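Here is the structure we will look at.
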Amino acid sequence: MKEPIRRPWIWVVLAALVLFNAPWYLPEGSIAPYWFGIPYWVVVVLVLSAGLSAFLTWVCLTQWHIVEDEEEADTHG
0 MKEPIRRPWI
10 WVVLAALVLF
20 NAPWYLPEGS
30 IAPYWFGIPY
40 WVVVVLVLSA
50 GLSAFLTWVC
60 LTQWHIVEDE
70 EEADTHG
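Under numbering that gives the first Met the number 0, the sequence shown has 10 at position 11, and the numbering climbs by one with no breaks.
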């Protein structure tokens, strides 16, 4: 059975992405240097948000066993 709750590494990666998505670990009041014309912490948050979205999409598509699909195939086929 493929369930994300049974794979601890998924939870570790998810927790790390969520934890570091808020820039609490950066120095207070720091906005320099600028990357692409915006403060660097904005770029860090955007990259981590995209990484979180990509990771959750990958988990849902490849690591989750969805029983409903099999049940629908059995009833329609």
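Glycine included, each C-beta is placed from N, C-alpha and C at the ideal position. Predicted, not measured: the structure shown is a model, and the values here were computed from it.
Check: If you run the structure through DSSP and keep just helix, strand and coil, what is residue 38?; Outcome: strand
Check: Using 8 Å as the threshold, is the C-beta distance between residue 51 and residue 16 below it?; Outcome: yes
Check: On a CA-only basis, which of 6, 32, 29, 47 is nearest residue 21? Give me that one, please.; Outcome: 47
Check: From 24, 5, 57, 12, pick the residue whose C-alpha is nearest to that of residue 44; which is it?; Outcome: 24
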